[in-house]
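One structure below.
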Amino acid sequence: MMSKKILVIDDEDDILKLVQTCLEIMGGWQVITAHSGREGFHLAQDNQPDAILLDIMMPDEDGLSTLKKLQSNTRTSKIPVILLTARGRFIEQKFDHLGVRGVLNKPFNPLKLAEQVEAALA
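For the sequence shown, our numbering assigns the number 3 to the initial residue and increments by one for each residue that follows.
So, in structure tokens, the structure goes:
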């Protein structure tokens, strides 16, 4: 059985490493990482992941701009996206209409991250 592939887009190295470790060990995911929205968009096109975990607040191209690009591209529009944010519960209500599968808040519980991603994608 092939492992599920997830693309994690976040500008913070520590967050990328933590998320990658959690999802690989506890979720059985094959994790691809990107440090920017632009890099993530290209990796999504090239790798066709099963899901994308996307940070909202990033320099240059923020997560919402990246989300719009992903949704408007025929190669990436069907890939489910989960937003990752430090903005809290207000954000969850604000982004209901964006067509994302869920919103995970920073800081997150590393022991529950894989479970939360699976729940959002179910």
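Each residue gets a CB set at the ideal place from its N, CA and C atoms; glycine is no exception.
Nearest neighbour of residue i, chosen from the options [CA to CA]
i, options, result
"residue 61", "37, 20, 18, 116", "37"
"residue 32", "54, 15, 16", "54"
"residue 66", "48, 105, 112", "105"
Buried/exposed call for residue i, threshold 16 Cβ in 10 Å
i, result
"residue 1", "There is simply no residue 1 to check, as the chain begins at 3 and stops at 124 in what is shown."
"residue 51", "buried"
"residue 30", "exposed"
"residue 57", "buried"
"residue 42", "buried"
Identity of the residues DSSP links to residue i by a beta bridge
i, result
"residue 8", "33, 53"
Sufficient close CB pairs (3 or more, under 8 angstroms) joining the region 66-81 to the region 23-31: no
Unbroken stretches of the alpha helix (DSSP H), 4 residues or longer, contained in the region 24-85: 39-49, 65-74
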